[in-house]
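Chemist:
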Amino acid sequence: MRLKRFQKASELAYKSKTWNNNEVAGAINERLQLEREEQIEIGFGNLLDSFAKADARLPAHKDLKFDNPMLGVLSYVEAGYYPPPDVLVAISKCFSSYLEARGAKSLDEAFFGHAHGTRKSYAYKHSKEGYSSEYVLFDRWFEIQDNLSQEKAAEKFLNLCYPDKNIDVDSFLRSYRRYLSGQKSKVLS
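Quick note on my numbering: the sequence shown kicks off at 1 and runs consecutively.
1) Threshold first: 4 residues or longer. Then list the alpha helix (DSSP H) segments lying entirely within the region 76-120, N to C.
2) With a cut-off of 8 Å on the beta carbons, I'd call L12 and E23 a contact; round off their distance for me.
3) Check whether the Cβ atoms of A154 and L137 lie closer than 9 Å to each other.
4) Looking only at its chain, what residues have a beta carbon closer than 8 Å to the beta carbon of V77, apart from the 5 residues adjacent to it on each side?
5) Report the option in N159, H116 and Y81 whose CA atom is closest to the CA atom of E54.
6) Where do the ends of the alpha helix (DSSP H) carrying I28 lie?
7) Quick check on the burial criterion: 16 or more other C-beta atoms within 10 angstroms. Buried or exposed for F95?
8) Give the DSSP-derived three-state secondary structure of N46 in the structure shown.
9) On the three-state DSSP scale, how would you describe S16?
10) Taking the alpha helix (DSSP H) that Y135 belongs to, which residues open and close that run?
11) In terms of residue numbering, what span does the alpha helix (DSSP H) encompassing E41 cover?
12) Mapping DSSP to helix, strand and coil, what is S149?
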């Protein structure tokens, strides 16, 4: 019986209902290492060797860890680094499963293994808890500001980070305080 190229990764993806999983990416990396060791070239050649060549032109942070491959791709690209091959293959497989489903699967199902309601979606949760939230960014930024009131800090932050959005400082701070109270309730529960 002939095994698929990423058989072990495929089995792990089946169990977790998504290819967007660090264990799955690890299994992909194992296979890519085997291909390199045995000098197997598939398609355009060995992905790890291609990555090593790209790595010589632009650094890649091989030791960085993310919650899942999707966040890895986003973080690597935003920082100007090439994502490692195992992460790229995992994300490619997520998109493939989405397209192969011909509309019967949502992106949340393809990337996270389950359907969602808006407030339960990964994107919604990440916008409220992850670094994409302006309140998280402001909170981190405000911590390192010396001798600025919250109002002055918010005004400076909004002018620096969101100059084109014309966000009202008082409204921003009200929402920021709601964000903070929501974070405290998570800690207490």
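Ideal Cβ positions, reconstructed from N, Cα and C, are used throughout, including at glycine. Note that the coordinates shown come from a computational prediction; the quantities given were computed from them, not determined experimentally.
Modeler: Let me spell this out:
1) 85-100 and 107-112
2) 5 Å
3) no
4) P83
5) Note that residue 54 corresponds to Ala in the displayed sequence, not to Glu. If we check each option's Cα against that of A54, Y81 comes out closest.
6) N22 to E37
7) exposed
8) coil
9) helix
10) E134 to E143
11) No alpha helix (DSSP H) holds E41; DSSP gives it neither H nor E.
12) coil
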